[in-house]
Every structure is written in C-alpha cells, then in structure tokens.
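Colleague:
In this note's numbering, the protein residues as written are 6 to 231.
1. Is the CB-CB distance between residue 182 and residue 176 below 8 Å?
2. Does the stretch 199 to 212 come within contact of the stretch 79 to 93, defined as at least 3 CB pairs closer than 8 Å?
3. Looking only at its chain, what residues have a beta carbon closer than 6 Å to the beta carbon of residue 212, apart from the 5 residues adjacent to it on each side?
4. Can you name, in chain order, every residue of its own chain whose Cβ lies under 6 Å from the Cβ of residue 195, other than the five neighbours on each side?
5. Is it true that the CB of residue 100 sits closer than 8 Å to the CB of residue 222?
6. Compute the beta-carbon to beta-carbon distance between residue 48 and residue 102, rounded to the nearest angstrom, for a pair I have assumed lies under 8 Å.
7. In terms of residue numbering, what span does the beta strand (DSSP E) encompassing residue 164 cover?
8. Can you tell which of 163, 190, 88 has the C-alpha that lies nearest to the C-alpha of residue 65?
9. From the DSSP secondary-structure annotation, give me the bridge partner or partners of residue 208.
10. Using a threshold of 8 Å, state whether the C-beta atoms of residue 148 and residue 220 are closer than that.
Structure follows, in structure tokens:
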C-alpha cells in the first residue's frame with residue numbers, strides 16, 4: 006500500500022479547505038433608512054460591521070442559529086449566531102428555521118464544480134426525501150437570472166408552478182419571493198424546485214402559515230453566488 010507523506014496530505018487538506026466556499030452567517034431581511042453599504046437581501050459574515058444612523062433599522066435573520074433581530078441605531082458586529090450591538094437597540098427572538106441544512110445543501114452544490122447537483126432520484130413508491138424543511142408557505146428562492154424556476158409537489162400530483170426569470174419577477178436581480186408573487190404552497194407538502202442545472206427537495210412544515218415568518222425559515226439557495 007502506498008503511503009502518502011504527512012506534509013503532502015496536510016497541504017492537500019489545506020487546499021481543499023481554502024477552496025470550500027464560505028457560508029454566510031445571516032441575511033438582511035429588511036432595511037429602513039439609508040445605512041451605508043447594506044441592502045435588502047444582502048448576506049453578511051461573522052466580523053462584518055454595520056453602522057446605523059439613529060433612525061436606521063435593519064432586520065437580520067441568522068441562518069444557523071435561527072436568531073431574528075430587529076436593530077435600530079448603533080454599530081452592529083455580525084457574529085456566528087447573533088449580533089453584538091453597541092449604542093443601539095435590539096429586539097431578538099428565535100424563529101423556526103432549518104437554515105443549517107439549507108446552507109449545507111447549497112455548499113454541496115457549489116463544491117460540485119459545475120456539475121449538476123441533484124437530489125437522489127426516487128424509486129417507484131418511495132417516500133420523497135426532503136433535504137431541509139421550510140417554515141413559511143411562500144418560500145424565497147435564490148437563482149441565477151436566466152431560464153426559469155419550476156416548483157413541483159412530489160408527494161402528491163397536481164401542484165406545479167413556473168416562473169420565467171425576467172426582471173419583473175426578481176428581487177435584487179436574483180431572488181424569487183413567492184409571497185410577492187401571491188403563491189402559497191401546501192403545509193406538509195414535499196416539493197422539488199429546479200433552476201438551471203440544480204434541483205433541491207424541501208418540505209413545508211405542517212405547522213407553516215401564510216404569514217411571512219423569518220427569512221431564514223423560507224430561503225432556498227438554488228444558485229448561490231461563488
């Protein structure tokens with residue numbers, strides 16, 4: 006059996022880790038006022054600093070910890086699980102989300118190096134397997150602004166949606182919000198969303214409601230930016 010030198014193995018591991026895309030900590034769910042260098046639907050990373058004016062307010066939705074923060078004024082330092090706020094006011098709560106699994110699914114798609122990333126095909130009669138759960142009836146999909154987004158219910162037939170990805174349907178040029186489109190999925194349903202070469206399978210929580218809920222609980226990153 007060939008033995009790989011430890012130094013070479015360590016180097017290869019370091020290269021692989023460096024190539025792994027960094028996952029964001031949170032997403033900006035809402036913005037009031039004009040804070041510099043921050044916009045609706047921006048992803049933020051640990052250590053990032055956001056300076057807010059006295060009347061500026063942002064809502065941050067953390068993807069792994071499911072923390073939901075409304076912050077007014079002050080200096081905000083993004084953390085891994087929640088923000089540190091100096092000189093401002095923060096209202097913090099925990100919302101249902103499965104953002105950690107959603108991020109992992111998106112990272113696997115990126116690491117496929119351009120190959121199609123697809124959920125495992127189902128055998129006849131097999132119960133569909135959801136890769137993660139969403140907690141709002143109107144999900145938000147991150148896509149590339151070409152082609153179309155298709156959504157099919159796969160645990161029961163008959164529910165299908167197509168969204169041509171033109172500027173009229175996109176927020177910030179890359180997000181499709183079913184809430185803005187007036188579309189609600191079915192609580193407890195299992196769906197396959199397809200855009201370009203990627204498709205992902207998700208479940209809508211049986212207790213999901215038509216209210217917006219936390220963005221972390223509604224987000225599907227079909228085409229995360231590199």
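Cβ atoms here follow ideal geometry from the backbone N, Cα and C, with glycine treated the same way. Remember, it's a predicted structure, so these values are computed and weren't measured experimentally.
Modeller: The structure says:
1. yes
2. By the Cβ test, the stretch 199 to 212 is not in contact with the stretch 79 to 93, since fewer than three Cβ pairs between them sit closer than 8 Å.
3. none
4. 133, 135, 159, 160, 208
5. yes
6. Incorrect: roughly 15 Å between the Cβ atoms, too far for contact.
7. Residue 164 -> no beta strand (DSSP E), and no H or E assigned at all.
8. 88
9. 138, 195
10. Taking 8 Å as the Cβ cut-off, residue 148 and residue 220 do not qualify as a contacting pair.
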